Every structure is written in structure tokens, then in C-alpha cells.
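Residue numbers (the numbering used here), protein chains in the order written: chain B, 33 to 237; chain R, 33 to 237; chain U, 33 to 237; chain D, 33 to 237.
Working notes for the structure below.
4 protein chains.
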Amino acid sequence: MAYRSSEKTRQKKDAKRTAMMQAAVQVFAEKGYHAATVRDVVNQAGVAIGTFYFYFPDKETLFVYLYEETADFLMQTLQQAVNQQTDPAQQIASGVQAYVSLAVYEPSIVQLLLVGGVGAVPSLNEKRVQFRERVIKMWRRVIEDMGGDMGRFSAEMLAGGFDEMVLNLLARRNPDMHANATIDAMTALSLRLAGTQQVAVAADT
Amino acid sequence: MAYRSSEKTRQKKDAKRTAMMQAAVQVFAEKGYHAATVRDVVNQAGVAIGTFYFYFPDKETLFVYLYEETADFLMQTLQQAVNQQTDPAQQIASGVQAYVSLAVYEPSIVQLLLVGGVGAVPSLNEKRVQFRERVIKMWRRVIEDMGGDMGRFSAEMLAGGFDEMVLNLLARRNPDMHANATIDAMTALSLRLAGTQQVAVAADT
Amino acid sequence: MAYRSSEKTRQKKDAKRTAMMQAAVQVFAEKGYHAATVRDVVNQAGVAIGTFYFYFPDKETLFVYLYEETADFLMQTLQQAVNQQTDPAQQIASGVQAYVSLAVYEPSIVQLLLVGGVGAVPSLNEKRVQFRERVIKMWRRVIEDMGGDMGRFSAEMLAGGFDEMVLNLLARRNPDMHANATIDAMTALSLRLAGTQQVAVAADT
Amino acid sequence: MAYRSSEKTRQKKDAKRTAMMQAAVQVFAEKGYHAATVRDVVNQAGVAIGTFYFYFPDKETLFVYLYEETADFLMQTLQQAVNQQTDPAQQIASGVQAYVSLAVYEPSIVQLLLVGGVGAVPSLNEKRVQFRERVIKMWRRVIEDMGGDMGRFSAEMLAGGFDEMVLNLLARRNPDMHANATIDAMTALSLRLAGTQQVAVAADT
DNA sequence: CATGAATGAGGGTTCATTCAT
DNA sequence: AATGAATGAACCCTCATTCAT
């Protein structure tokens, strides 16, 4: 199940609405914004097409809303993982671990946020910038807590690099089999990027 | 005497074809694959819609072709910049400089390759994977020439990180004004990622 | 309470579907398959173009379906008329009468089956062969019941000859005024073709 | 070679024009009027598309012209065969023989006249009526020379019946192998239709 | 609330036809 | 005469959206 009911939707307690949002994540992730049709979503959710327009004003609004929700969920998950640790180096490790786990377990989320409708929905651009900003800021805080320099740039590279690595992991035959190696590499490279220590790492593939 | 394709005719033909491809890059970059219509392209190019189908079999084929061409062009540009140098550290600097320059000068290219129609065109997925692989391999070679370890992972992070940094640069008000700072940071962080030296860098923003 | 397809709704739906099919028969009969547009059909039926695609998958499928339905209907009508009689000679007379009546009363049917889209729709060729075969077999049975020889060939000539005569009848100013003469001639000539008796017939035109 | 240059075209002595008309017969016969494109014709003829419009005003005119030419050719062939004989019964046999031979040897002609664009080209309807009229008149004359009654109706049935039988012959695997049986049957049935004698015929299939 | 029949703007594509060379 | 690049009307079909039930 891809979609996690956040605070916002949990209050609605609406099964149909939830079903449609869950279906939407899958469908959008799989086909991209334009190729996914409203009919795809309602079929997947098992409701009638009219029902869609009772709960959502239109396709685009749903998508943007979904993007926000999913971004929120991802940020919460990462932030929580980071906050569980106090040592910056361990914070990175924990965050990386959380990100990769999520990606492997719920690839739709990553697909939606990184590939899905970017560049396809004009009103999404701003949201996308905001999302990236949040990711970057989170990593920047950790890096600077370590005493690393170039916080902003390092964080940008970290954020983009993580995405690329995760996407490469997901492109493999058995992502879960290579998850640990990826996590280790991501962690090690993060420490290097911070620039505060020399790190030795396990063998490469 | 029969019709003879004179020099002038051929040039005009090539010109029209080129105009349509340039128009297509812009339109696709701006709206994404699905939202861009063939009519948009021909309007931008100043030709009739029938002309499009005289030169290209269909929209998707053009897009894939454009993607390949653009990817080839980017790779050539980068590879050339890298090859101009012999010292690995300088190779990175040169490649980074070339990438950023291209991005600032021709943002459509970056937009097309990184955002455009990814996830929207099924037949593009394979091409996209190939393109990323080429980018990653290029950086990996440089990194390993420096004696860096974790070549594959480092290269992935470099590739993804570079994209993120370039995208962030393009998102700013005056990309060209911040290009140099970004180039410096990208270079410095690359060296760190390679893991062979400690690098000091200029102040951050 | 959910939407319930009431009797009224269903009837309206059927009505619309029927209206479109009737419109289609007319339009196809009048213009032929290719020249007839889906817009022609929906205009004639008084519905929107989207409605067409709600009821039928596409133009070709509808046409083939229409052809089959019409062929079935014609065969049933003829067969029924034939079966009402026991004497072979009277069976022919009855069948001929039914065919001509149908042609005069509903010329679109004949037009669709004999002229409409033959040679225009590849997937129709097989259906056409089947239809001709059914017609031929029906007449052959009757002829052989009379003791006529050359059943297959006689039946072919009968089938083709009937069509030509009906088409010639329809091409006249007032088909209904000449229907009886045509019916008589068709019947008389059929008996001759069967080769079992000498027949005297009414005066010719 | 399907197209025979009649008096009209022979005077032109124009190779390109002839090539296009020959190509047109084939293409129209194969695909039907609408599905056949002007490009198909010029490709088959090995000329450029502009050349088409130098020789013919438009597609429809060519088709109508082609229909007339082909009808003329068929009528000439049949009439000639009929005229070679003096005895009416032998005239029929000769005409039938000629028709079947032509159909087997040059099926495109039959296809064009009987199936091709009938019902698809409005301006063809009149031509088609004229053609049928000529066929019918020819057979009627023969029948009445034999002393047969119902000349008009018999001739209609003969004309339509012949077409059906020829079409059925062409639909078989090896038309030429069954040509003789068909010819015999057509001849025998014609005599019966004329109503002047009792005819015995060879075994049926 | 829920339904699904109905709508029609708009997209990709074809193809008869024109005209400068 | 001959060419083929260029045109654009028109076709088939999709799909977001509405609304009576």
C-alpha cells in the first residue's frame, strides 16, 4: 500500500477517498501524470468516475495534493530517522537507511516524487522546488552539525546523489539484495562530502 | 529536364528540418512530452503540420530521436572537456565547467534530458538508462584514474549530485551570476568524493 | 443511495444505441464505409461524438457488427419466408417475395450488404464470403428439393441474379410499382433455372 | 498487365501516363477507391507525385475514367466473342468463355468493375448504371435472338448470376482449375434461363 | 453520496492537392 | 514535363468533466 494517510486525510475517515488516493499513487507512479487517466484511478479504486469529482476538484489538483502528501510523508520518515540519532554521522546513516528502505519497500513513492509528473504539471513546479528545498535543508543541517563546510552545496549534491543512487538501485534486478551495499556507500560518501574525516569503506561492486 | 535537388533546395530542406528540431527541443523542454503538441512544435517552427510528418514519422519517434541526439551531444561536450586535460583533478574541473556552461547557455538541453519526458514515454526508458550509464561511466573512469575507490557508487553520486546542483543553479534568478561558485563547489566536492585528498574550498552561500 | 439503473434509464440507453445503429446503417449505405464519417453517424443520430465511442469500440468494429447483424436479419427473413411453404416451387416464390419486399421497404439493408463497404474493410471479406455462402446454400437446398440438378451453380446464379434484379428494381423511379413484376419474373426464372419444368410467364416490360 | 490502352489512350503514346493507369488499376482493385492513395499509384508506377497531377485532374476523375476504360474493354471483349458466333446458343457459350478467361487472367478488371469503388464514388453511380445496362442489353439481344421470352429480366439475372459465379470462381484456391466447369455451368444455365429448350449438363461439384 | 451516460474540445495523423524549381 | 517539399482540411479517437437520476 503506497499511500499513507497523514493527519490531513485521516480526519476524513473516508474509505472511498483513501482508496482513490492509494490507487492514484500507483497509477501516477506507473504511467506518469498525463498517461494516467482518471478512469485508471477509479477503476483501480473500484469506484465510479463520478465519485472522483465528488472528492477532488480535478485531476491536477489531486496530483498536486498527492505530491504534497507524499513529500510530507517522505520528509517525516527521513526526519524521524535522523532525529533518532544524536551523533551527526549516525544521523546520516540512519536517514540513508530510512530512505533506501522506503524506496525498496514502496517504490511508487520515489517514482512519484522523482519521476512521475515533474515537468508535466505546471502548478507542480513550485511544490517541487519546495520539496527539494526541504530535503536539502535537512541534509545541510546534519552536515553543518558535523562541522562540514560548504553546507548548501554539499547538501545539494547529497540530495541529488542519493536520488541517483536509489534510482540505480531500483533499476536492478533485485533491489533488496543490493540495498545494504548501497546504504553503506551512501553513508560513506556522505561523510566524505562533509569533508571532516577520511573514511574507509567496504569493497565496491 | 526533371526536377533537380539543387544546393539551395537541399539547404532549405535541412533548414526546415533543423528548425523543427530546435523548436521541438524548446517545446518539449518547456511543457514536457505529453503536454507538448505537434501543433506547438510546428507553430514554433513556422511550418504547417503536414510538414512535421514529412520529416518525422511521429511525435514519439521524434522525441526519442531528440533525446538520443541531445544525450550524444552532451556526452561529447563533456567527454571533450574532460579529454582536454590529463590530470584527473583537472579533468573533473574541466568537465564540470563544460556542464555548467552548457546548462546556463542552453537550459533546454538539461531540461529535456533530466525532466522532459522521463516516465512519460515508455520507449524512452531504455534510452534513459543508457544515458545515465554513460554519464556514470565517464565520471567513474576519471575518479578511478585519480586512485579513488568506490568508483561506481562515487560516480553515481557525482552524476546525480551534479544534476541537482545544476538544476538548483538554473532555478535561481540569475544563473550565470552564480555559475562560477557552483562550478567551484562541484569541483571541490568531486575531489572529496574521490576520497584521495583533503580539499579546502571557498566560502559558501 | 447509489445510482440505480432504472427501467427508464436502460430504455433510454438502448434507444440511443439503437438510434446510432440505425443512423449508421443509413449513413454507411448512402456513402460507403470510408466516405461515411463517425461525425455523420452521430449527427444523424443526434448525439455527441463521444457517445459513439461509449457504445462502440471504433468505426470498423461497428461496421462489421452492423454487417453481421444485417446479414443475419436478411437470412432469417428469407429463411422464414421459405419455411412457411412446403412445396419447393412455392418456397422460392415466398422467398423471392420476402426479399423484394425487404429491399423496397428497407433499401439501406440491401445497399449495406451488396454495395456498402465491400472491398473497403479488410476484416469484412471473410464475413462477406460467409454471407454469400449462406444465401447460396439456402437456395441450393430449395432447388435440390425440387429435384433440380447443378445445385451449387444454379444457386450461385440465383443468388447473384436476384441481387442484380433487386438492384435494378431499386434503381427505378418507383420501385414499389414494379415490385410485383420483378417478383413474378424472379420466381419464374428460378423455376427455369432449377431445370425441372417448363414455365410460362406473364408479359415482359 | 491489367490496363489495356484503348483508342483513347493509345493516341497519347505517353509512357508515364500509361504506367500510372496500369498501376492505378492494380492499386484500386487491391485496396478499393478510398484506401488506395495517390501515392500508392505513383509509387507503383515509379513516378513522382507531381506527375500524377500533370496527367490527371484529380483522384476521382482518374478513377471514373479508369472505370469507363475498363468497362469499355470488357464490353468490347465480350461483344467480340459473341459476334464471332452466329448461333445464339454458341454466342452465349463464347461470351461466357471470354468473360471467365478474362476474369481468371486479369482479376483486377473484375475486381475494379464489380467491387472496387462502387458505392464509394458518387460520380461513379451513373457510370455503373450505364455499364450494367450495356451488359444486360448485350445478353438480352442474344436471348431474344434465341426466341427466349422475358428478355429484360432474363438478361438481368444472367448478368448478375454471371458475376456471382465468376466471383465465386475467383474466391477458390485455383480458379484456373475450375474455370471449365464454371464455364459449362454458366452456359447451360443460360440456355435454361432463355427458356427455349431443355438442357442436359455435366455433373455438379 | 454515488453513479455512469453523455459531452465536446482537442490531439495525433493522413492524404489529396499545389507550386516553386 | 517532371519533381517532391509543403500545405492544411479533415479524420478517428481519447479523456477530463458534467449532471440527471
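Note that CB positions come from ideal geometry on N, CA and C, so glycine has one too.
All figures in this text were calculated on a predicted structure; none of them were measured in a lab.
- What R/D72 touches in chain B, judged by beta-carbon distance under 7 Å, is nothing: the nearest beta carbon there is about 14 Å away.
- Separation of D/K63 and R/V161 (C-alpha to C-alpha, rounded to the nearest whole angstrom) is 43 Å.
- Listed along chain D, the residues sitting closer than 7 Å to U/V150 by beta-carbon distance are V147.
- Contact annotation: in the stretch 84-108 of chain R, no residue has its CB less than 7 Å from a CB in chain B.
- Contact annotation: in the stretch 165-188 of chain U, residues whose CB is within less than 7 Å of a CB in chain D are D181, M182, G183, R184, F185, S186, E188.
- Taking D/V174 as the centre and dropping the five residues before and after it, the same chain places the C-beta of V114, P120, Q123, I124, G127 closer than 8 Å to its C-beta, in chain order.
- Annotation: R/N206 has no Cβ neighbours in chain B at a cutoff of 9 Å; minimum Cβ distance is about 16 Å.
- For the pair U/G179 and U/T228, the Cα-to-Cα distance works out to about 7 Å.
- In the structure shown, U/H210 falls within a helical segment according to DSSP collapsed to helix, strand and coil.
- Chain-ordered, the chain U residues with CB closer than 9 Å to the CB of D/M197 read F185, E188, M189, G192.
- When DSSP assignments are scanned along the stretch 139-190 of chain B, the uninterrupted stretches of alpha helix (DSSP H) that are 4 or more residues long and fall wholly within it turn out to be 139-142, 157-177.
- Within the stretch 64-91 of chain D, the complete alpha helix (DSSP H) runs of at least 4 residues fall at 70-77, 81-87.
- According to the DSSP assignment, B/Q123 belongs to the alpha helix (DSSP H) that extends over 120-137.
- Take B/Y131, set aside five residues on each side of it, and the residues of its chain with a beta-carbon closer than 7 Å to its own are L110, F194, V198, in chain order.
- Taking 9 Å as the CB threshold, B/A130 stays off the interface with chain R.
- Neighbours of R/V142 in chain B, taken as residues whose beta carbon is under 9 Å from its own, are absent, since the nearest beta carbon is some 11 Å off.
- Between R/E100 and the set R/S155, R/A67, R/D46, R/L134, the nearest pair of CA atoms involves R/S155.
- The closest CA to that of D/E138, considering only D/L202, D/M209, D/S186, is found on D/L202.
- DSSP, read as helix, strand or coil, puts B/R205 in coil.
- At a cut-off of 9 Å, the C-beta of R/T214 has a neighbouring C-beta in chain B.
- Residue state for D/D195 is assigned as helix, using DSSP reduced to three classes.
- For B/A125, no Cβ of chain R is located within less than 9 Å of the residue's own Cβ.
- Taking 9 Å as the CB threshold, D/M209 stays off the interface with chain U.
- Residue burial is scored here from C-beta neighbours: B/I81 has fewer than 16 other C-beta atoms within 10 angstroms and is therefore classed as exposed.
- In terms of beta-carbon proximity, U/G78 stays away from the interface with chain D, with every pair separated by 9 Å or more.
- Segment contact: the stretch 216-223 of chain D against the stretch 50-69 of chain D, fewer than three CB-CB distances shorter than 8 Å; contact not assigned.
- Nearest to D/V142 by alpha-carbon distance, out of D/M107, D/K169, D/W171, D/N157, is D/M107.
- Chain-ordered, the chain U residues with CB closer than 8 Å to the CB of D/A67 read H66, A152.
- For D/A220, at least one C-beta of chain U is nearer than 9 Å to its own C-beta.
- For the options D/A67, D/A56, D/S186, D/K91, the alpha carbon positioned closest to that of D/N75 is the one of D/A56.
- The three-state secondary structure of B/T102, taken from DSSP, is helix.
- Here D/Q117 carries a coil assignment [DSSP, helix/strand/coil].
- Under the Cβ distance rule, B/V161 counts among the residues neighbouring chain R, one pair being separated by less than 9 Å.
- In the structure shown, B/T228 falls within a coil segment according to DSSP collapsed to helix, strand and coil.
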